[in-house]
Each structure stands twice: as C-alpha cells, then as structure tokens.
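*Asks:* Numbering-wise (the working numbering), the sequence shown opens with residue 18 and increments by one.
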Amino acid sequence: MSRSPLRAFPLIPFALAYFALLPQARAACQDACLANFNTVQGDNALVNLTTGFSNTAFGANALLSVTSASGNTAVGVDALYHDTTGYVDTAIGEFSLFGNTTGIANTAVGAGALEVNTTGSNNTAIGQSALQDSNGNNNTAAGYNALFFSTTGSNNTAVGSSAMGGNPDIQMTGSNNTATGATTLLNNTTGFNNTATG
18 MSRSPLRAFP LIPFALAYFA LLPQARAACQ DACLANFNTV QGDNALVNLT
68 TGFSNTAFGA NALLSVTSAS GNTAVGVDAL YHDTTGYVDT AIGEFSLFGN
118 TTGIANTAVG AGALEVNTTG SNNTAIGQSA LQDSNGNNNT AAGYNALFFS
168 TTGSNNTAVG SSAMGGNPDI QMTGSNNTAT GATTLLNNTT GFNNTATG
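Okay, here's the thing in structure tokens:
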C-alpha cells in the first residue's frame with residue numbers, strides 16, 4: 018500500500034507553527050531568581066547585571082542598565098531604566114526614576130515620578146509625575162505634579178496636586194521650601210525658606 022506524498026503536505030505548516038511557537042524560539046523574557054538574591058520578571062529586565070545583588074525587577078526593561086548596583090526595586094515598564102550604580106532606589110510605576118544613573122536612596126511611586134533624575138539622592142516622590150524634572154537632593158513630593166519642574170532645588174517639601182509644580186518655561190531652583198495644599202507656591206522658582214499652606 019503506497020501513500021501519496023500530498024497527504025502529508027497539510028501537516029507541514031502545523032509542524033512549522035509548532036516549532037516556531039516553542040518558548041526557545043520566542044524573544045527571551047527574563048523570569049528567574051538569579052544569583053546573589055536578584056529576582057527578575059520581564060523582557061530585558063536586569064539583562065546587564067554583572068555583580069549587583071538584592072535587586073528586584075518586574076516589568077519590561079526594568080533596571081535594564083544596572084551592572085553593579087545593589088538593593089534596588091523596580092516595578093513597571095522602564096522603571097529605573099538607566100540606573101547603573103545607584104543603589105537602594107525604589108521605583109514603582111512606568112518610567113519612574115527612568116533617568117537615574119547614580120542617585121541613591123530615592124523612592125518614586127507613580128508613573129513618571131522622578132523620571133528625569135540622574136544623580137539626585139534621598140528624594141521621595143509619590144504621585145504621577147511628582148518631582149519629574151528634579152535632580153536635587155532631599156526633596157519630598159506627594160501629589161500629582163508636585164514639584165514637577167523643580168530641577169536643582171533641594172530640601173523642599175510639597176504636598177498636594179501641583180504643589181510647587183512650577184512653570185515649564187522657568188527652571189525651579191529654590192530650596193528649603195514647604196508647600197501644603199493644591200497649587201501652593203505653584204510659581205515659586207528661585208525662592209528659599211518659604212512656607213505656604215492653602
């Protein structure tokens with residue numbers, strides 16, 4: 018009994034599809050507990066790590082550039098993307114602490130929080146785009162766009178939506194200010210030692 022080669026032909030596309038969809042054939046998605054207490058889940062997350070330890074990365078490109086930094090937590094797409102040697106930073110939210118390279122002990126919770134920070138340290142930003150343009154130190158911002166346009170100011174505290182949010186045309190460099198309430202000290206750019214509640 019002979020079989021026609023044409024009968025096997027329809028099986029070829031199915032076989033090709035099967036092998037193409039095998040996990041090994043797809044783009045690598047990190048999903049593991051790595052050496053030195055590092056944990057990773059997401060495409061390209063922690064992909065350049067060499068000697069760092071105790072890092073946690075969840076989300077595509079989270080902690081992508083880190084090489085030897087330790088104690089960082091990144092949750093969200095591109096969170097702590099450019100961090101190389103900054104340590105004990107926490108970024109939760111898409112693009113949070115995106116530009117951080119060597120800044121240490123920063124906490125960013127919210128999409129775009131502390132997004133542009135590169136070397137600033139000891140900052141806390143809670144809320145979407147809080148402290149987004151900051152590169153200062155020891156700032157605390159809680160609320161949507163709080164301290165948004167602060168660039169080099171340090172030791173500022175802003176609580177409330179757009180508190181000390183600033184002006185997109187003027188860099189905010191003032192320091193040692195406290196603003197409590199939505200839009201308080203909104204346009205303060207170079208002032209120091211101000212306190213406003215409202």
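For glycine and all other residues, C-beta sits at the position ideal for the given N, C-alpha and C. Keep in mind the model is a prediction, meaning the values are calculated, not measured.
1. Throw me the rounded Cβ distance for the glycine 137 and alanine 147 pair, which I believe falls under 8 Å.
2. Does the beta-carbon of isoleucine 217 have 16 or more other beta-carbons within 10 angstroms, so that it is buried, or is it exposed?
3. Buried or exposed: which applies to glycine 69, given that a residue is buried once 16 or more other Cβ atoms fall within 10 Å of its Cβ?
4. Tell me the DSSP secondary structure of asparagine 184 in three-state form.
5. In terms of DSSP beta bridges, what is glutamine 145 paired with?
6. Kindly indicate which residue of Gly59, Ala180, Ser192, Gln145 has the alpha-carbon position closest to the one of threonine 168.
7. Tell me which same chain residues have a C-beta within less than 6 Å of the C-beta of asparagine 210, skipping the five on either side of it?
8. Where do the N-terminal and C-terminal ends of the beta strand (DSSP E) with phenylalanine 75 fall, by residue?
9. Go to threonine 124, then tell me how far its beta strand (DSSP E) extends in each direction, as first and last residue.
10. Do leucine 114 and asparagine 134 come within 8 Å of each other at the CB atom, strictly closer than that value?
11. Quick check on DSSP: helix, strand or coil for asparagine 55?
12. Short of 6 Å in beta carbon distance, which residues of its chain neighbour alanine 158, apart from the five on each side in sequence? Order them along the chain.
13. Helix or strand or just coil, what does DSSP make of valine 133?
14. Drop a sphere of 10 angstroms on the beta-carbon of serine 179, count the other beta-carbons inside from all chains shown, and report buried for 16 or more, exposed for fewer.
15. Would you give the residue range spanned by the beta strand (DSSP E) that threonine 157 belongs to?
*Replies:* To lay it out plainly:
1. Not confirmed; about 13 Å, so no contact.
2. For residue 217 there is no data in the structure shown, the boundaries of the chain being 18 and 215.
3. With at least 16 other beta carbons inside 10 angstroms of its own, glycine 69 counts as buried.
4. Three-state DSSP puts asparagine 184 in a strand.
5. DSSP output for glutamine 145 lists no bridge partner at all.
6. Comparing Cα-Cα distances from threonine 168 to each of Gly59, Ala180, Ser192, Gln145, the minimum goes to Ser192.
7. These residues qualify, in order along the chain: Asn193.
8. Unbroken beta strand (DSSP E) run through phenylalanine 75: 73-75.
9. Per DSSP, threonine 124 belongs to the beta strand (DSSP E) from 124-126.
10. The Cβ-Cβ distance between asparagine 134 and leucine 114 falls below 8 Å.
11. For asparagine 55, the three-state secondary structure derived from DSSP is strand.
12. Cβ neighbours of alanine 158 beyond the five flanking positions: Ala142, Ala147, Leu148, Leu164, Ala175.
13. Here DSSP, grouped into helix, strand and coil, assigns valine 133 to coil.
14. Serine 179 should be labelled buried.
15. Segment 157-159, the beta strand (DSSP E) holding threonine 157.
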